[in-house]
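**Student:** Numbering (the UniProt record's numbering), first residue to last: 1 to 497. Idealized CB from N, CA, C, for every residue including glycine. Just dropping this structure here.
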Amino acid sequence: MKQFTSQVLGAVALVHDASAQLYNQVIQTNYGLVQGIPAFNSTPNGNLSNWKDITVWKGIPYGADTSGVNRWTPKNATPWNTTFQANKMGPIFGPGQPSTTGGTVSEDCLNLNIWSNGKSTNAKLPVVLWSFPAGSAADQPLFDGAGMADQGVVFVNYNYRISALSWLSTAELSQEMYETTGSNSSGNWGQLDQFHALKWVHANIAAFSGNPDHITVMGQSAGSAAVYHFVNSPLTKGLIVGAIAESGTRDSYNPEALTLAENYRTQSTALQSGVEYMASKNVSTIAEMRALPLADVEESLFGCTFSDAFDESGAATSTNLTVAEYEAEMASQYDASNLTSTFLELYPAGDNSTHASMAFNAHWRDTSRVSVWSVKSKSPIWSYLWDHAPPGQTQGAYHESQINYVLNNLYGTDKPWEAVDYEIALKMNGYWANFAKTGNPNNGVSYRENGSLPQWEVNSATDKLTLELGDGFGTQPIASDAQIEAITSYFSYQTPV
């Protein structure tokens, strides 16, 4: 979690104040009228106490159809003249990723969903904008926002272009961009969609009871990368007040940052990939590319589709290394920096494959923790370790497994949840909602059960602590001082990303 301050232009609510659920009102946006629906028709299973007040608006367009001549262009939504019935999820764009709600896959995918328990368009509730991880779409129940809305947080998620339709860069497209925007680069269409969604939210969210001056961006994995784009881009300056990045962050000197899906390519590399990609389609102009059917262009530009793994920290869920294999792995990693013997002493292989495999995973776990803890920022950062294994699977606390708990939307899935899962969700969601409201996970009253949440300490160079979330709730060391020193020494040998 990251908190920072921002100056934002105010926005004016677009409908008259009223004291009734917003699903009984027609909402005016900059592009036309929209009508929402109740988020629930009956009591959901779970922890929601204000479920009767929650309104959801589904599939609201925030950008134009991106097919045909609009491929690889940023376009505003087309205004509509009748009331838009926001009662079903909009189309998604997911090559090989069918809609989970029976909807359609389409290039006309720039739409968003909003959940709010506000009863007044003047409520000025805090806002969260969620960016989904790779291989996903906004219509998935995993990203349902009613659990956040129950806390008095307006929750927004959105679809955007991915794969070749998102990342294609060519000299011709760069020239088009220069003529229309003054920027002579191309290939960031998905990121421009993300920025466009944020700007739409800032301009319109007051009408949905949200505060445009208090938007927190939040995402998981590839969505975490989107969070960093929001934080660092001059195109979004002044639009957000906080950021929550779940997986994806690493110390810029950590070489693992170069090998994960969240790394970056230079413009020259992207242009060369674009040339090769177009050649593979037997076309030579963007006009020809825009004339191709979606099925012919939807595969990944870079030869593979980046999907989420169970663990992106380097640890494996089923590692089985012999002692010799483990020592060889460590040598290949650390010989160049003359640290192999240091790491083998700190993470000894033992005398069998069980011990060697445990040492291998412990070493990667600590490297990941130190990488997150050591990130430098002018604003306070809170880091955490998630360690609870959801029921009904054998992968442990796998990648993305915290999302249901963070969003408190256990009602949206069919896992065999137990009482402990609902309690974990209340605590996790309490921290996240506090941060969305106050910029500090410790401040606020979002945890509504008996007792209080354990204090979550800010990252500190002296304390070297993180917060365990899941099977336990409390501070624990990042690693031993010697392990931290070895890992940061290894980072110091690297070239920053």
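Can you give the beta carbon distance from L33 to F84, rounded, assuming they're within the 8 Å contact cut?
**Tutor:** That pair is a contact at about 7 Å.
**Student:** Using the three-state DSSP reduction, which class does L125 fall into: helix, strand or coil?
**Tutor:** It is a strand residue.
**Student:** Just verifying my parser: in three-state terms, what is the DSSP assignment at W432?
**Tutor:** Correct three-state label for W432: helix.
**Student:** Could you say which of E325, P212, F208, P348 lies nearest to Q28 if we only look at CA atoms?
**Tutor:** Cα-wise, what sits closest to Q28 is F208.
**Student:** Once the 5 residues before and after G63 are set aside, which same chain residues still bring their CB inside 7 Å of it?
**Tutor:** The answer, listed in chain order, is K75, N76, A77, L110, D193, H196.
**Student:** Under the DSSP definition of a beta bridge, which residues are partnered with L467?
**Tutor:** Answer is Y384, T475.
**Student:** Closest by CA to D53, which one among Q140, S353, F491, I37?
**Tutor:** Measuring from the Cα of D53, the nearest candidate turns out to be I37.
**Student:** Cα separation between S224 and M289?
**Tutor:** Distance between the alpha carbons of S224 and M289: 30 Å.
**Student:** Given that a residue counts as buried once 16 or more other Cβ atoms are within 10 Å of its Cβ, and exposed if not, what is K58?
**Tutor:** K58 comes out buried.
**Student:** Jot down the residue ranges of each uninterrupted alpha helix (DSSP H) in the stretch 312-382, minimum 4 residues, whole runs only, in chain order.
**Tutor:** Runs found: 323-334, 340-346, 353-373.
**Student:** Hey, how far is the Cα of A123 from the Cα of L407?
**Tutor:** Those two C-alpha atoms are separated by around 21 Å.
**Student:** Is I27 near the ligand PLP - that is, is its Cβ less than 7 Å away from at least one heavy atom of it?
**Tutor:** With respect to the ligand PLP, the structure shown offers nothing to examine, as it has no ligands at all.
**Student:** May I ask you to list the residues that DSSP assigns as paired with E246?
**Tutor:** Answer is Q220, bridged to E246.
**Student:** First and last residue of the alpha helix (DSSP H) that includes F491?
**Tutor:** It spans 481-492 - the alpha helix (DSSP H) in which F491 sits, taken as one unbroken run.
**Student:** Please name the residue or residues paired with Q35 in a DSSP beta bridge.
**Tutor:** Looking at the DSSP assignment, Q35 forms a beta bridge with V26, Q85.
**Student:** Going by C-alpha distance, which of S183, L112, D65 is nearest L129?
**Tutor:** Of S183, L112, D65, the residue nearest in Cα terms is L112.
**Student:** Consult DSSP for W167 and reduce its assignment to one of helix, strand or coil.
**Tutor:** Reduced to three states, the DSSP call for W167 is helix.
**Student:** Considering only the beta carbon of each residue, do S174 and N184 sit closer than 8 Å?
**Tutor:** In this structure, N184 lies closer than 8 Å to S174 by Cβ.
**Student:** Return helix, strand or coil for G274, following the three-state DSSP convention.
**Tutor:** Here G274 sits in helix by DSSP.
**Student:** If you draw a straight line from the C-alpha of S371 to the C-alpha of W189, how long is it?
**Tutor:** Spanning the two alpha carbons is a distance of roughly 29 Å.
**Student:** So what's K58 in DSSP terms, helix, strand or just coil?
**Tutor:** Strand.
**Student:** How is D193 classed by DSSP in three states: helix, strand or coil?
**Tutor:** In the structure shown, D193 sits in a helix (DSSP, three-state: H, G or I).
**Student:** Mind checking A359: buried by the 16 CB within 10 Å criterion, or exposed?
**Tutor:** Label assigned to A359: buried.
**Student:** Comparing C-alpha positions only, which one of V156, A171, Y178, W167 sits nearest to W200?
**Tutor:** The option with the nearest alpha carbon to W200 is V156.
**Student:** Identify, in the order they occur along the chain, each residue of the same chain with its Cβ nearer than 7 Å to the Cβ of D463, setting aside the five sequence neighbours on each side.
**Tutor:** Cβ neighbours of D463 beyond the five flanking positions: E457.
**Student:** Grouping DSSP H, G and I as helix and E and B as strand, with all else coil, what is Y158?
**Tutor:** Reduced to three states, the DSSP call for Y158 is strand.
**Student:** With H, G and I counted as helix, E and B as strand and the rest as coil, what does DSSP make of W417?
**Tutor:** Residue state, collapsed to three classes: coil.
**Student:** Quick test of the definition: if touching needs 3 or more C-beta pairs under 8 Å, does the stretch 388-404 touch the stretch 436-444?
**Tutor:** The stretch 388-404 is not in contact with the stretch 436-444.
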